[in-house]
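The structure appears right after this line, and notes come after that.
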Amino acid sequence: MIDINIHFHAISVPENRHLSDHQPPRICSGSQPKKGCEVKSGRNSCAGDEVDYRLKPYYDESPKPYAFSYNALLDDGIGKSSRTETADGSGRVQGSYTVNNDEGHSRVVEYVADQAGFRAVVRTNEPGTDNQNPADVVVQSSAGPVQYAPVLRPPVLNAPVLAPIVEPAVVPAPVPVAVRPVYRRPAVRNYAHSPVRPY
Numbered sequence: 001m002i003d004i005n006i007h008f009h010a011i012s013v014p015e016n017r018h019l020s021d022h023q024p025p026r027i028c029s030g031s032q033p034k035k036g037c038e039v040k041s042g043r044n045s046c047a048g049d050e051v052d053y054r055l056k057p058y059y060d061e062s063p064k065p066y067a068f069s070y071n072a073l074l075d076d077g078i079g080k081s082s083r084t085e086t087a088d089g090s091g092r093v094q095g096s097y098t099v100n101n102d103e104g105h106s107r108v109v110e111y112v113a114d115q116a117g118f119r120a121v122v123r124t125n126e127p128g129t130d131n132q133n134p135a136d137v138v139v140q141s142s143a144g145p146v147q148y149a150p151v152l153r154p155p156v157l158n159a160p161v162l163a164p165i166v167e168p169a170v171v172p173a174p175v176p177v178a179v180r181p182v183y184r185r186p187a188v189r190n191y192a193h194s195p196v197r198p199y
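Quick note: the sequence shown uses this note's numbering, first residue 1, plus one each step.
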């Protein structure tokens, strides 16, 4: 069983309005424009019957500030993971996450994402990792070099290779079978005739 504690922190924004106050223009049909009307598609509007065109609601999808974090611990108390992340209203996101397993390996990733792109620093003691910096990701490894055990191979004996003996397959001779065919009577179909109707 996993015990997870999650904490969310909402950051208040002075004015958090999703729908805009934009009013749609009055569109009318006719040939002469009137005061306060627009011309659409080369045609004058507001000269005759008024047509009400409603705009779809506008949702403000600009970056919003937020912050969250969580910690998860396994029942054995050894394996765990955690994460924190914060964002400001300008599109900058920074955070980190940690993963520890029951073998004692751990990984901590600290990252920043903003107008300059995604950058991360990885600290780990996982075997087989080495210090490197590919694609703006710094990997700092505290793992020692991997020790490889020697590969033991059985000795090769120089013996002559003998071709396998292939025996011919035994197939029984065909035996004639007396067949007595069974004939069935065909099904009888009766069709009723109907008079031909003129067109």
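Note that beta-carbon positions come from the ideal geometry of N, C-alpha and C, so glycine has one too.
Note that the coordinates shown come from a computational prediction; the quantities given were computed from them, not determined experimentally.
Annotation: V179 to I165 spans about 42 Å, alpha carbon to alpha carbon. The straight-line gap separating the alpha-carbon atoms of P154 and N131 is approximately 37 Å. Nearest C-alpha to V121 among P127, P63, Q147, Q94: Q94. A direct Cα-to-Cα measurement between V182 and R197 gives close to 45 Å. Distance from the CA atom of P186 to the CA atom of P174, rounded to whole angstroms, is 35 Å. Runs of beta strand (DSSP E) with 3 or more residues, each lying fully within the region 73 to 103, are found at 80 to 87, 93 to 100, listed in chain order. By the neighbour-count criterion, in which 16 or more other beta carbons inside 10 Å mark a residue as buried, A169 falls on the exposed side.
Residue environment: A87 is assigned as buried (16 or more neighbouring CB atoms within 10 Å of its CB, all protein chains considered).
Per DSSP, Y58 is not a residue of any beta strand (DSSP E), being assigned neither H nor E. For T124, the enclosing beta strand (DSSP E) stretches over residues 117 to 124. Relative to the Cα of A143, the nearest Cα in the group A149, E126, L152 belongs to E126.
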